[in-house]
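In terms of the numbering used here, the sequence shown opens at residue 311 and continues consecutively.
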Amino acid sequence: MHNRRLAPHEMLDLHELIGMKNVCAAKSAAMMNMVTDPQLRQFLQQEMQTATQQAHQIQSLLSGGTTPGGGRY
């Protein structure tokens, strides 16, 4: 697949998504320190990992990187 340029509003949207994913990861990490329920703690851990991974994937898209499967975005 060829690499196409993103429109300015698309880049802005992706930067906003990265910020939101980082906030989600930070909130999940902060909440993990307050919960005692093991299931809720596990859910928050998974949410933190997912949000962090998604933020990295979006950053890779902005950098012209590749998808986790090896293809180009």
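Quick reminder that beta carbons are idealized off the backbone N, C-alpha and C, glycines included. These numbers were taken from a predicted model, which means no experiment stands behind them.
Next on the checklist: Just to confirm before moving on: does the CB-CB distance between K331 and A365 stay below 7 Å?
Outcome noted: Reading the sequence shown from its first residue, position 21 is the one you call residue 331. Reading the sequence shown from its first residue, position 55 is the one you call residue 365. Less than 7 Å divides the Cβ of K331 from the Cβ of A365.
Checklist entry - Do the CB positions of M344 and L354 come within less than 7 Å of each other? => result Position 34 of the sequence shown, counting from 1, holds the residue named residue 344. Position 44 of the sequence shown, counting from 1, holds the residue named residue 354. Not closer than 7 Å, so no.
Item to check | V333 (DSSP reduced to helix, strand or coil) | outcome: Taking the sequence shown and counting its residues from 1, one reaches residue 333 at position 23. Correct three-state label for V333: helix.
Item to check | beta-carbon M358 near the ligand MN non-hydrogen atom, thresh 6 Å | outcome: Questions concerning the ligand MN fall outside what the structure shown contains, since it holds no ligand whatsoever.
Checklist entry - If we count the other Cβ atoms within 10 Å of its Cβ and call it buried at 16 or more, is I368 buried or exposed? => result One-based indexing of the sequence shown puts residue 368 at position 58. Buried is the call here.
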